[in-house]
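Taking my numbering, the leading residue of the sequence shown gets 979, the next gets one more, and so forth.
Data first, discussion second: the structure below is written as structure tokens.
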Amino acid sequence: MSLDQIILAIVYLLAVFVVFFIGKWAFDLRNRGYNLQHELLQNDNFALALNVAGYYSGLVIALGGVLYGPSITLTDDLIDIGFFGIIAIVLLNLTGIINDKVILYKFNNEKEIIADRNAGAGAIEGANYLASGLLVSGAISGEGDLLTAAVFWLLGQVVLIIAAKVYNLITPYDLHEEIERDNVAVGIAFAGLLVAFGLIIRAGIFGDFISWEENLWTLASITGVGLVFMPFVRLFTDKMLLPGARLTDELVNQEKPNVGAGVIEAFSYIAAALLLGWVL
979 MSLDQIILAI
989 VYLLAVFVVF
999 FIGKWAFDLR
1009 NRGYNLQHEL
1019 LQNDNFALAL
1029 NVAGYYSGLV
1039 IALGGVLYGP
1049 SITLTDDLID
1059 IGFFGIIAIV
1069 LLNLTGIIND
1079 KVILYKFNNE
1089 KEIIADRNAG
1099 AGAIEGANYL
1109 ASGLLVSGAI
1119 SGEGDLLTAA
1129 VFWLLGQVVL
1139 IIAAKVYNLI
1149 TPYDLHEEIE
1159 RDNVAVGIAF
1169 AGLLVAFGLI
1179 IRAGIFGDFI
1189 SWEENLWTLA
1199 SITGVGLVFM
1209 PFVRLFTDKM
1219 LLPGARLTDE
1229 LVNQEKPNVG
1239 AGVIEAFSYI
1249 AAALLLGWVL
């Protein structure tokens, strides 16, 4: 690597850091109902830490999609980083609203995370940010424009919502009820599902835009396979990874839910998503 390349990389990193801090400011502005520093440092709010870590991780991954595109000139690249970086911030914060209004719509998420310090809710909201960061990264990578990026991000959000609905159908318990009673194990398991579908959707939309027909077919096929395989992944976790016990019993039918079982279920979804992305 030459000195010029090193200097260029530093310039790009500085530009990304500027966009990152704008993203942090946007998050603080949208959540101005509480003091982030006070909650994290004085109240040791672990649920909020999971939420914030997911947002920051999603933002970094989204900005990675900006950097992935073809390099033209330094000026053009910096304009792209600024423009698509701001778009990524807007889309990521819209994700938080979608999570509150559509995915976890039966209760007040801010109350669950701030007042109740519900780590399950924090894990889900953080995972949703992370999944959306993967969507944004895929949507703005390669050759395309703002319209294609917005359409594929929106379609990705629809798939995440469908995946959440399907998950609630294939599990013998109500997701919202378990999260509201502070069931961290269920929250982690569902968070893993969201990240998994973020990976699957990213694999379906990553790269250059070729045509609406081809790109939409790629997205539909890989997400369709993911939705079909979801119940089988849970069954595999139940029978093969946790033999001798029922996954549902470990998560909801005992006095203290087994967080470890939730972690294993989350891992299973993410591992399956990675494998699907590699083979399809």
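Cβ atoms here follow ideal geometry from the backbone N, Cα and C, with glycine treated the same way.
Predicted, not measured: the structure shown is a model, and the values here were computed from it.
Query                                                                                                                                                                     : Result
Locate the alpha helix (DSSP H) running through E932, then write down its first and last residues.                                                                        : This structure does not reach residue 932, given that the chain is present from 979 up to 1258, and the question cannot be answered.
Return helix, strand or coil for T1149, following the three-state DSSP convention.                                                                                        : coil
Looking at the structure shown, is Y1012 part of a helix, part of a strand, or coil, going by DSSP?                                                                       : coil
In whole angstroms, what is the alpha-carbon distance linking Q1135 and N1146?                                                                                            : 17 Å
With 16 other CB atoms within 10 Å as the buried threshold, where does R1159 fall?                                                                                        : exposed
Considering only residues of the same chain and omitting the five flanking positions on each side of F1168, which have a CB-CB separation below 7 Å?                      : I1102, Y1145 and L1153
Within 10 angstroms of its Cβ, does N1231 collect 16 or more other Cβ (buried), or is it exposed?                                                                         : exposed
On a CA-only basis, which of I1067, L986 and F1024 is nearest L1041? Give me that one, please.                                                                            : I1067
Where does E1233 fall in DSSP's three states?                                                                                                                             : coil
DSSP state of T1226, grouped into three classes?                                                                                                                          : helix
Do N1087 and A1099 have their CB atoms nearer than 7 Å?                                                                                                                   : yes
Taking Cβ positions only, does L1172 come closer than 7 Å to chain D?                                                                                                     : Given the protein chain composition of this structure (a single chain), no chain D is represented.
What do you reckon, are the CB atoms on I1091 and N1029 nearer than 7 Å?                                                                                                  : yes
Kindly indicate the opening and closing residues of the alpha helix (DSSP H) around L1112.                                                                                : A1097 to I1118
Excluding the 5 residues preceding and the 5 following E1017 in the sequence, name in chain order all residues of the same chain whose CB lies nearer than 8 Å to its CB. : N1023, L1026 and I1092
Just verifying my parser: in three-state terms, what is the DSSP assignment at P1221?                                                                                     : coil
What is the DSSP secondary structure of G1238, counted as helix, strand or coil?                                                                                          : helix
Please list, in chain order, all residues of the same chain as R1010 whose beta carbon is under 8 Å from its beta carbon, the five residues on each side excluded.        : none
From the DSSP output, in three-state form, read off N1161 for me.                                                                                                         : coil
Less than 7 Å between the C-beta atoms of G1036 and L1133, yes or no?                                                                                                     : no
On a Cα-Cα basis, can you pick out the residue from G1238, I1148, R1180 and N1071 that is closest to L1007?                                                               : N1071
Do F1062 and I988 have their C-beta atoms within less than 7 Å of each other?                                                                                             : no
Please give me, in chain order, every unbroken run of the alpha helix (DSSP H) with length at least 4 that falls completely inside the region 1027-1061.                  : none
Would you mind sorting V1237 into buried or exposed? The rule is 16 or more other CB atoms within 10 Å of its CB.                                                         : buried
Suppose contacts are defined by Cβ-Cβ distances below 7 Å. Is A1251 in contact with L1177 by that definition?                                                             : yes
Measuring only the C-alpha atoms, how far is S980 from V997?                                                                                                              : 26 Å
Is the beta carbon of I1235 less than 7 Å from the beta carbon of L1229?                                                                                                  : Residue 1235 is actually Pro in this sequence, not Ile. Yes, the Cβ-Cβ distance between P1235 and L1229 is below 7 Å.
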